[in-house]
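Engineer:
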Amino acid sequence: MNSKQLSAKELLEFINNLIETGQYNDSVHKIKLMTAQEVIEKILRSEF
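Take -15 as the starting number for the sequence shown in our numbering and just add one per residue.
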């Protein structure tokens, strides 16, 4: 298991990359990634 911890911004960049490059299993997985992306962006805007 990788012990490196990601910041929220790094995680957001990672998710963005997955979506942009089509690295998801199916449309349901893409929607889940997009939902996670939106939640992280909302938290970053409101909390920081």
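C-beta atoms are modelled at their ideal positions from N, C-alpha and C, and glycine is treated no differently.
(1) Run through DSSP, which three-state label would Q21 get?
(2) Report the option in Y8, Q7, Q21, K14 whose CA atom is closest to the CA atom of L(-5).
(3) Who are the near neighbours of V23 in its chain, counting only those whose CB is closer than 7 Å to its CB and skipping five residues on each side?
(4) Measuring straight from C-alpha to C-alpha, what distance separates E25 and K(-12)?
(5) Which residues in the same chain have their Cβ closer than 8 Å to the Cβ of Q7, if we skip the five residues on either side of it in sequence?
Structural biologist: Once the coordinates are examined:
(1) Position 37 of the sequence shown holds residue 21. Reduced to three states, the DSSP call for Q21 is helix.
(2) If you number the sequence shown from 1, residue -5 lands on position 11. Taking each of Y8, Q7, Q21, K14 in turn and checking the Cα distance to L(-5), the smallest one comes out for Q21.
(3) Within the sequence shown, residue 23 is the residue found at index 39, counting from 1. Excluding positions up to five away in sequence, the list is empty.
(4) In the sequence shown, the residue the question calls residue 25 occupies position 41. In the sequence shown, the residue the question calls residue -12 occupies position 4. Rounded to the nearest whole angstrom, the CA to CA distance from E25 to K(-12) is 22 Å.
(5) In the sequence shown, counting from the first residue as 1, residue 7 sits at position 23. N1, listed in sequence order.
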